[in-house]
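**Student:** If you want the numbering used here, it's the 1-based position in the sequence shown plus 744. We put the beta carbon where it would ideally sit given N, CA and C, even for glycine.
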Amino acid sequence: MTQGGFEELARMADQLSDAVRLEFIDGKIGEKALPDGDHDEVIAWLASMCIQANAGWWLYPERGLRVETYRKGNARPDGCLAPRGTFTGQGEWANADGVLMTVEVTSRDYDTDRRDREEKPRAYAESGIPVYLLIDRDTCEVKVHSQPDGKRYEMVLTVPFGKVVTLPDPVGIELDTEPLKDWVH
745 MTQGGFEELA RMADQLSDAV RLEFIDGKIG EKALPDGDHD EVIAWLASMC
795 IQANAGWWLY PERGLRVETY RKGNARPDGC LAPRGTFTGQ GEWANADGVL
845 MTVEVTSRDY DTDRRDREEK PRAYAESGIP VYLLIDRDTC EVKVHSQPDG
895 KRYEMVLTVP FGKVVTLPDP VGIELDTEPL KDWVH
């Protein structure tokens with residue numbers, strides 16, 4: 745399937761039901777789970793931390809990105825940290841240039857393991873996104889992926905909820921992950 749074909753299919757799915765969100769990664773169409781209230785609280789907390797660190801940044805929720813160099817694809821990260829205005833003039837599926845960090849928060853669905861822990865880190869690394877933050881509510885850990893080499897992230901730091909973690913440059917902020925304990929499954 746072409747990227748254009750996928751984008752047309754995703755538009756039709758959105759019109760039919762607001763309970764379906766599609767992504768196109770590794771040449772496969774997948775459905776993304778809709779967030780629960782705790783998921784929303786995690787994103788709101790992180791957005792607050794990012795804005796406090798730099799008022800020129802914004803954590804864009806559910807921003808459609810074109811990702812992957814080998815197979816053109818489309819992902820919808822839970823959060824996408826970028827300077828304000830990065831996506832001005834772009835459509836539903838934007839170029840990943842200028843993105844500082846993508847964020848995923850695990851959901852209660854059958855596919856979160858493959859999608860959030862395998863496919864998306866690879867897609868984001870291939871796209872050159874400097875940092876991928878996985879907030880894993882299943883394992884109560886934060887996984888910080890950094891140093892993309894065009895195929896994968898060379899560094900992965902795993903920290904249990906409750907510890908402080910420093911997100912690497914270009915993000916460069918320190919997060920106390922204690923509040924995440926309130927929003928686990």
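Below 9 Å between beta carbons: does that hold for A826 and V847?
**Tutor:** Not a contact, by the Cβ cut-off of 9 Å.
**Student:** Return helix, strand or coil for G808, following the three-state DSSP convention.
**Tutor:** Residue state, collapsed to three classes: strand.
**Student:** Are the beta-carbon atoms belonging to V909 and L901 less than 9 Å from one another?
**Tutor:** Yes, they are a contact pair.
**Student:** Confirm, please, whether the CB-CB distance from P892 to G872 is below 9 Å.
**Tutor:** In contact: G872 and P892 (Cβ atoms closer than 9 Å).
**Student:** Just confirm the distance between the C-beta atoms of A698 and L809, as a whole number of angstroms; I'd bet it's less than 8 Å.
**Tutor:** Outside the shown range of the chain, which is 745 to 929, sits residue 698, and nothing can be said about it.
**Student:** Among the residues of its own chain, which have a CB less than 8 Å from the CB of Y814, if the five just before and after it don't count?
**Tutor:** With a pLDDT of only 49 at Y814, under 50, the local geometry of the prediction cannot be trusted, and the value read off the model is given with reservation. If we look at Y814 and ignore the five residues flanking it on each side, its Cβ neighbours are E870.
**Student:** Please classify Y814: does DSSP put it in a helix, a strand, or coil?
**Tutor:** Per-residue confidence for Y814 stands at a pLDDT of 49, beneath the threshold of 50, marking its modelled position as unreliable; no derived number is given.
**Student:** From F831 to A838, what distance separates their C-alpha atoms?
**Tutor:** In a straight line, the C-alpha of F831 is about 7 Å away from that of A838.
**Student:** How many angstroms separate the CA atom of D782 from the CA atom of P821?
**Tutor:** Cα-Cα distance, rounded: 16 Å.
**Student:** Going by beta carbon distance, what residues of the same chain come within less than 8 Å of I787, once the five residues before and after it are set aside?
**Tutor:** Around I787: P779, L803, P805, D822, G823, V847 and V849.
**Student:** Alpha carbons only, please: which of R828, L878 and A867 is nearest the one belonging to L911?
**Tutor:** Ranking R828, L878 and A867 by Cα distance to L911 puts L878 first.
**Student:** By how many angstroms is the C-alpha of G906 removed from the C-alpha of P923?
**Tutor:** Going by the C-alpha atoms only, they are around 7 Å apart.
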